[in-house]
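Protein chains: 2
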Amino acid sequence: MAAAELMKSEKMFNGWVKRFKHSSAELGCDMLFTVFFPPAAAAEGVKVPVVYYLSGLTCTDENFTLKAGAQRTAAELGLALVAPDTSPRGLNIEGEEDSWDFGTGAGFYLDAKEPKWARYRMYSYITKELPAVLAATAPQLDLGNACIMGHSMGGHGALTIALKNPAAFKSVSVFAPICNPTQVPWGHKAFSGYLGEGWQAEAAEQYDATEMVKKYSGPRLPVLMDNGTADDYLQTQLHPWAFEGAAQGKLDLTSRMQDGYNHGYFFISTFMEDHLAFHAKHLLA
Amino acid sequence: MAAAELMKSEKMFNGWVKRFKHSSAELGCDMLFTVFFPPAAAAEGVKVPVVYYLSGLTCTDENFTLKAGAQRTAAELGLALVAPDTSPRGLNIEGEEDSWDFGTGAGFYLDAKEPKWARYRMYSYITKELPAVLAATAPQLDLGNACIMGHSMGGHGALTIALKNPAAFKSVSVFAPICNPTQVPWGHKAFSGYLGEGWQAEAAEQYDATEMVKKYSGPRLPVLMDNGTADDYLQTQLHPWAFEGAAQGKLDLTSRMQDGYNHGYFFISTFMEDHLAFHAKHLLA
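First to last, the protein sequences are chains A and B.
The numbers in UniProt numbering rise by one with no breaks, and the one at position 118 of the first sequence is 118.
The numbers in UniProt numbering rise by one with no breaks, and the one at position 109 of the second sequence is 109.
So, in structure tokens, the structure goes:
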């Protein structure tokens with residue numbers, strides 16, 4: 001695997017925000033991602049634990065990097081932050097730019113089956129290609145000591161990816177995740193579009209955290225979930241209660257309702273320190 | 001003065017980010033501004049100190065609000081954050097959108113003299129109209145207990161506004177300010193365009209912190225200035241050393257060069273906690 005190309009390097013909290021570009025074989029296009037290296041990563045021979053952050057609909061790698069306020073705490077705790085993009089870019093598929101919740105910026109962390117969307121393989125990209133690119137690019141990342149977090153569509157991604165690859169992550173945390181996408185409009189649109197006719201069975205088995213956790217028999221992963229009571233999507237798209245119920249006895253789940261918070265980055269940044277401290281406890285243990 | 005209209009209210013760090021709109025008499029257009037109210041402002045009858053933050057070229061009230069990471073510390077310290085816009089908007093003046101460093105997003109915190117730009121009165125807007133609007137809108141702001149900070153063009157604004165109104169501010173802090181704008185390209189373009197022929201004398205007297213501080217005889221204001229050694233504008237547009245020299249004995253100036261930091265919000269957010277703690281010491285004293 002070739003190393004990614006460094007596009008930009010900026011100092012922040014005595015660490016470095018570095019944006020990379022690489023040619024993705026999974027997706028068939030150039031992809032950008034951003035890594036925050038904590039100050040600890042600058043020492044000779046040191047490897048630092050890795051936090052993957054999966055973003056929500058419409059986001060690129062930049063939303064988290066610019067708005068979540070995660071670098072301060074990550075610098076203190078010695079954690080690297082990896083922020084990938086949310087879909088392939090620039091494939092010129094007809095209709096790819098028509099919706100904010102399908103196509104560009106809305107990869108849903110799945111591998112598409114419909115021929116038209118065959119390049120939408122964000123599941124394989126995140127779980128296989130990206131770690132390989134990171135290994136080739138940044139030897140100071142301890143990729144075997146990783147956790148995963150995400151927001152909204154990215155919360156769905158973090159939960160489903162962790163449930164399918166529990167050995168790869170020490171802990172999982174999610175902000176306002178789409179917990180039961182086979183039952184809500186965002187999921188219907190994405191699954192029917194990317195997976196095609198008969199999507200229901202595959203989506204339930206591969207890409208719906210609530211359905212998957214019912215059959216899950218892996219290790220009791222530590223999971224932290226925050227939702228806001230003022231989140232307009234809570235009742236219509238997120239369904240945290242379905243996941244809470246299904247996860248009983250299967251995961252070590254802490255689920256919190258945060259009074260008055262909505263779906264945006266002001267909510268995420270408020271509880272980011274909590275989430276990173278939660279991961280650090282498991283990563284550094 | 002009429003109260004501004006509340007457009008949006010979002011919870012963050014147990015306080016509230018509120019975006020307001022009002023019709024500006026100074027500028028002849030609708031203006032937006034954002035206030036962060038710390039949790040302390042929610043208590044009955046409490047008034048909280050005010051930090052004005054003036055943004056740089058191209059910014060609106062949103063850049064600071066979304067990217068500076070200031071709310072966490074402001075919530076802890078009990079400080080309100082006021083983020084205004086950087087120019088009038090939508091006046092439909094010919095050429096107003098042609099440059100990123102002149103016209104829209106580039107008001108330079110001055111009162112223009114050229115007839116074409118007569119509505120560009122950000123100095124009067126920030127020093128007179130905005131405080132009056134805030135008084136009418138948010139009684140929980142202690143507007144007599146205020147400080148001012150800014151970045152780049154907004155650092156120029158913070159310094160020059162404080163030098164002309166030293167009684168209005170307990171302290172001043174700046175990130176990478178344009179310290180001596182009569183001597184640099186950004187200043188030449190702005191002053192010649194907004195002030196017209198013979199701009200040099202008025203600009204030196206009214207809108208150049210280095211020239212103004214030479215003649216300043218007011219109170220020794222506490223000023224904190226940070227610059228980054230990797231700032232591409234340091235040598236060409238900012239000239240902090242000119243200001244340092246001129247301010248000797250006139251201000252209580254702490255000037256720091258931060259190794260490896262550039263001109264952007266990663267730099268600002270890294271040192272934001274320092275700046276707010278500095279202001280809190282003077283505001284809450």
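Note that CB positions come from ideal geometry on N, CA and C, so glycine has one too.
Note that the coordinates shown come from a computational prediction; the quantities given were computed from them, not determined experimentally.
Which of helix, strand or coil DSSP assigns to residue i
i, result
"F37 of chain B", "strand"
"T254 of chain B", "strand"
"A30 of chain A", "In the sequence on display, residue 30 of chain A carries Asp and not Ala. D30 of chain A falls in the strand class under three-state DSSP."
"I268 of chain B", "helix"
"K8 of chain B", "strand"
"P84 of chain A", "strand"
"L66 of chain A", "helix"
"L159 of chain A", "helix"
"D111 of chain B", "strand"
"R19 of chain A", "strand"
"D61 of chain A", "helix"
"A277 of chain A", "helix"
"P185 of chain B", "helix"
"A3 of chain A", "coil"
"P49 of chain A", "strand"
"F13 of chain B", "coil"
"P219 of chain A", "coil"
"F169 of chain B", "coil"
"S99 of chain A", "coil"
"R89 of chain B", "coil"
"H151 of chain B", "strand"
"A43 of chain A", "coil"
"R121 of chain A", "strand"
"L238 of chain B", "helix"
Beta carbon proximity, residue i to chain A, threshold 9 Å
i, result
"A230 of chain B", "yes"
"R19 of chain B", "no"
"Q140 of chain B", "no"
"K214 of chain B", "no"
"E10 of chain B", "yes"
"G150 of chain B", "no"
"F33 of chain B", "no"
"K113 of chain B", "no"
"K67 of chain B", "yes"
"F13 of chain B", "yes"
"Q71 of chain B", "yes"
Residue i classed as buried or exposed, judged by whether at least 16 other C-beta atoms fall within 10 angstroms
i, result
"D98 of chain B", "exposed"
"E211 of chain A", "buried"
"K281 of chain B", "exposed"
"V117 of chain A", "The sequence shown places Trp at residue 117 of chain A, not Val. The residue in question, W117 of chain A, is buried, as its Cβ has 16 or more Cβ neighbours within 10 Å."
"L6 of chain A", "exposed"
"K11 of chain A", "buried"
"Q235 of chain B", "exposed"
"residue 297 of chain B", "No answer is possible for residue 297 of chain B: it lies beyond the span of chain B, which begins at 1 and ends at 285."
"S24 of chain B", "buried"
"Q248 of chain B", "exposed"
"M153 of chain A", "buried"
"A167 of chain A", "exposed"
"M1 of chain B", "exposed"
"A277 of chain B", "exposed"
"G95 of chain B", "exposed"
"D259 of chain A", "exposed"
"L238 of chain B", "buried"
"D232 of chain B", "exposed"
Short CB-CB distance (under 9 Å) between residue i and chain B
i, result
"F64 of chain A", "no"
"S55 of chain A", "no"
"Y265 of chain A", "yes"
"residue 289 of chain A", "Coverage of chain A is limited to positions 1 through 285, which leaves residue 289 of chain A absent and any answer about it impossible."
"N227 of chain A", "no"
"R220 of chain A", "no"
Closer than 8 Å: residue i CB and nearest the ligand MN heavy atom
i, result
"D252 of chain A", "What this structure holds is no ligand at all, so the ligand MN is not there to describe."
The stretch 223-235 of chain A in contact with the stretch 172-181 of chain A per 3-pair CB rule at 8 Å: yes
The stretch 137-150 of chain B touching the stretch 193-204 of chain B, judged by at least three CB pairs closer than 8 Å: They do not touch, by the three-pair rule.
contact_flag[the stretch 129-140 of chain B, the stretch 211-221 of chain B] where n(CB pairs < 8 Å) is 3 or more: no
Contact residues within the stretch 241-271 of chain A, judged by C-beta distance below 9 Å to chain B: Within the stretch 241-271 of chain A, those residues whose Cβ lies closer than 9 Å to any Cβ of chain B are, in chain order, Q258, D259, G260, Y261, N262, G264, Y265, F266, F267, S269 and T270.
Segment contact, 8 Å Cβ cut-off, at least three pairs: the stretch 88-105 of chain B with the stretch 69-80 of chain B: no
Three CB pairs or more closer than 8 Å across the stretch 240-247 of chain A and the stretch 37-47 of chain A: no
Cβ contact (3+ pairs, closer than 8 Å) linking the stretch 267-279 of chain A and the stretch 83-97 of chain B: No, the stretch 267-279 of chain A does not touch the stretch 83-97 of chain B.
Stretch pair the stretch 151-161 of chain A + the stretch 29-38 of chain A: three plus CB contacts closer than 8 Å: Counting Cβ pairs under 8 Å, fewer than three are found: no touch.
Any 3 or more C-beta pairs closer than 8 Å across the stretch 109-124 of chain B and the stretch 133-146 of chain B: Counting Cβ pairs under 8 Å, fewer than three are found: no touch.
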